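There are 2 protein chains.
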Amino acid sequence: MHISSKSDYGIRAMLELASAYEVDPDELVRGEYIASAQSIPAKFLEGILRQLRLAGLVASRRGVEGGYRLDCDPSKVTIADIIRVLDGPLADVHGIRPEDVVYEGASEHLRDVWVAVRASLRDVLERTTLRDVLIGKLPRETRRLLDRPDAWTRR
Amino acid sequence: MHISSKSDYGIRAMLELASAYEVDPDELVRGEYIASAQSIPAKFLEGILRQLRLAGLVASRRGVEGGYRLDCDPSKVTIADIIRVLDGPLADVHGIRPEDVVYEGASEHLRDVWVAVRASLRDVLERTTLRDVLIGKLPRETRRLLDRPDAWTRR
DNA sequence: GCAATAGCATACTATTCTGCTAGGCAAAGT
DNA sequence: ACTTTGCCTAGCAGAATAGTATGCTATTGC
Chain A
338 MHISSKSDYG IRAMLELASA YEVDPDELVR GEYIASAQSI PAKFLEGILR
388 QLRLAGLVAS RRGVEGGYRL DCDPSKVTIA DIIRVLDGPL ADVHGIRPED
438 VVYEGASEHL RDVWVAVRAS LRDVLERTTL RDVLIGKLPR ETRRLLDRPD
488 AWTRR
Chain B
338 MHISSKSDYG IRAMLELASA YEVDPDELVR GEYIASAQSI PAKFLEGILR
388 QLRLAGLVAS RRGVEGGYRL DCDPSKVTIA DIIRVLDGPL ADVHGIRPED
438 VVYEGASEHL RDVWVAVRAS LRDVLERTTL RDVLIGKLPR ETRRLLDRPD
488 AWTRR
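If you're matching them up, the sequences are chains A and B in order. If you use the working numbering, the first sequence closes out at 492, no skipped numbers anywhere. If you use the working numbering, the second sequence closes out at 492, no skipped numbers anywhere.
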């Protein structure tokens with residue numbers, strides 16, 4: 338249960354692009370600018386932005402005046418979309434999809450737990466869009482999770 | 338968002354022990370038996386069971402009639418407890434606790450998303466006990482996630 | 001046309017993590 | 001004694017993670 342640097346960087350880059358998009362959807366932002374604004378290693382970020390472009394979420398142009406821009410509506414793209422592009426499926430049990438694992442005997446019902454885990458992840462990550470995060474207005478269901486007293490305490 | 342072999346094996350071993358516990362709480366189960374019943378590499382399992390013993394969830398005895406048994410009430414121990422013993426905290430952002438990550442500018446509210454993700458994982462994993470999984474009666478909230486039509490479809 | 005700029009593409013690398021295996025030691029029963 | 005079963009340390013191959021290096025290509029301004 339671990340969010341990789343790659344996904345974290347990718348989402349932050351998309352947020353930076355979404356921020357520019359709100360001002361002018363056609364404005365291009367240089368990779369170097371995103372990297373320094375979000376403290377991300379520039380060359381590493383380049384590869385991440387390439388993946389996002391190949392997935393159709395980002396567009397780019399080369400040369401002087403070149404850069405990246407969002408190629409999607411920030412209120413339509415979810416955090417889950419970005420993670421899937423960069424790191425693959427949201428949840429897996431040592432490489433196998435939750436619904437595909439096969440258990441015997443006493444562990445028969447363990448698969449249901451993994452499917453429920455994935456469903457709960459989807460609940461948060463597929464509901465929350467780039468725009469939600471940018472303006473800080475998370476979906477009601479997500480917000481409800483945060484407002485619980487123990488959400489911020491470590492176990 | 339990945340469940341390791343280690344946690345998966347550990348939980349299945351605990352389920353096997355819970356199953357014996359229901360018959361007789363003092364009965365000892367040999368490591369070799371658990372390994373073959375759950376198709377887990379025996380020597381790998383040994384290390385996992387040692388971690389669980391050091392955490393106080395399992396007890397053991399050596400020698401001819403030796404083996405392992407649960408040292409806790411299966412209706413008190415949750416899946417989250419086992420994962421924390423074997424793989425550490427439920428959720429982290431490239432090694433940092435969700436509530437500890439620091440974001441600038443456009444990503445300011447991303448932290449809230451990660452805290453919500455952790456909260457939703459806790460919702461499933463801290464609510465579901467070994468006994469729940471053993472008898473296949475998952476908590477109502479968890480069951481509700483499974484009953485949704487798209488819970489079993491892949492994205 | 002030419003240089004400067006900024007993204008594109010491939011390859012390489014260092015470190016850590018994962019998923020195991022080997023081998024000997026220590027205790028418990030017969 | 002001897003067998004059984006767990007205890008413990010070490011090692012190890014392969015994959016994943018988190019980058020870096022280097023050269024190429026498209027675009028613009030002069």
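Just so it is clear, CB atoms sit at the ideal spot from N, CA and C, and this is done for glycine as well. Just so it is clear, the structure is predicted and the values come from calculations on it, not from any experiment.
Quick one: is residue i buried, meaning 16 or more other Cβ sit within 10 Å of its Cβ, or exposed?
i        : result
B/Trp451 : buried
B/Asp460 : buried
A/Gly347 : buried
A/Val360 : exposed
B/Ala379 : exposed
A/Pro411 : buried
A/Asp449 : buried
A/Leu462 : buried
B/Thr490 : exposed
B/Gly403 : exposed
B/Ile340 : buried
B/Val422 : buried
A/Arg349 : buried
A/Ser457 : buried
A/Asp363 : exposed
Using a cut-off of 9 Å between C-beta atoms, extract the partners of residue i located in chain B.
i        : result
A/Glu436 : Ala488, Trp489, Thr490 and Arg491
A/Gln388 : Those within 9 Å of A/Gln388 in chain B number zero; the least Cβ separation is about 17 Å.
A/Ala355 : Ala443
Name the one or two DSSP bridge partners that residue i has.
i        : result
B/Ile433 : B/Val430
B/His339 : A/Asp429
B/Val452 : Paired residues: none, contrary to the question.
A/Thr466 : A/Thr415
B/Val366 : B/Tyr405
At 7 Å on the CB atoms, spell out the chain B contacts of residue i, in chain order.
i        : result
A/Thr465 : Val450
A/Leu407 : Residues of chain B passing the Cβ test: none, with the nearest at roughly 12 Å.
A/Gly400 : Ordered by position in chain B, no residue passes the 7 Å Cβ test against A/Gly400, which lies about 25 Å from the chain.
A/Asp345 : Val430 and His431
Check the Cβ of residue i against every Cβ in chain B and list those closer than 8 Å, keeping chain order.
i        : result
A/Gly473 : Glu445, His446 and Asp449
A/Ile348 : Ser444 and Leu447
A/Leu483 : Asp449, Val452, Ala453 and Ala456
Give me, in chain order, the residues of the same chain whose beta-carbon lies closer than 7 Å to that of residue i; leave out the 5 immediate sequence neighbours on both sides.
i        : result
A/Ser356 : Leu471
A/Leu455 : According to the sequence as given, residue 455 of chain A is Arg; it is not Leu. The residues are Leu427, Ala428 and Pro435.
A/Lys343 : Ile385, Leu423 and Asp424
B/Thr465 : Thr415, Ile416, Leu475, Pro476 and Thr479
B/Ala528 : Given that chain B is displayed from residue 338 to residue 492, the structure contains no residue 528 of chain B and the question cannot be resolved.
Near residue i, what residues of its chain come up, given a Cβ to Cβ distance below 8 Å and the 5 sequence neighbours on each side ignored?
i        : result
B/Glu369 : Ala379
B/Ala374 : Glu353
B/Leu389 : Gly347, Ala350, Met351, Val395, Ile419, Val422 and Leu423
B/Val366 : Glu353, Leu354, Ala357, Gly404, Tyr405 and Arg406
Name the chain A residues whose beta carbon is nearer than 7 Å to that of residue i?
i        : result
B/Ala392 : None at all; the shortest Cβ gap to chain A is about 14 Å.
B/Ile419 : Under the 7 Å cutoff, chain A gives no residues; its nearest Cβ is about 11 Å from B/Ile419.
Whose Cβ in chain A lies nearer than 9 Å to the Cβ of residue i?
i        : result
B/Ser341 : Val430 and His431
What does a CB cutoff of less than 6 Å around residue i pick up in its chain, not counting 5 residues either side in sequence?
i        : result
B/Arg468 : Pro411 and Ser412
A/Cys493 : Look at the range of chain A in this structure, 338 to 492, and you will see that residue 493 of chain A is not part of it.
For this session: Would you mind listing the beta strand (DSSP E) stretches within the stretch 373-447 of chain A that are 3+ residues and don't spill past its ends, in chain order?
Result: Restricting attention to beta strand (DSSP E) runs no shorter than 3 residues, the stretch 373-447 of chain A encloses them at 395-398 and 404-407, ordered along the chain.
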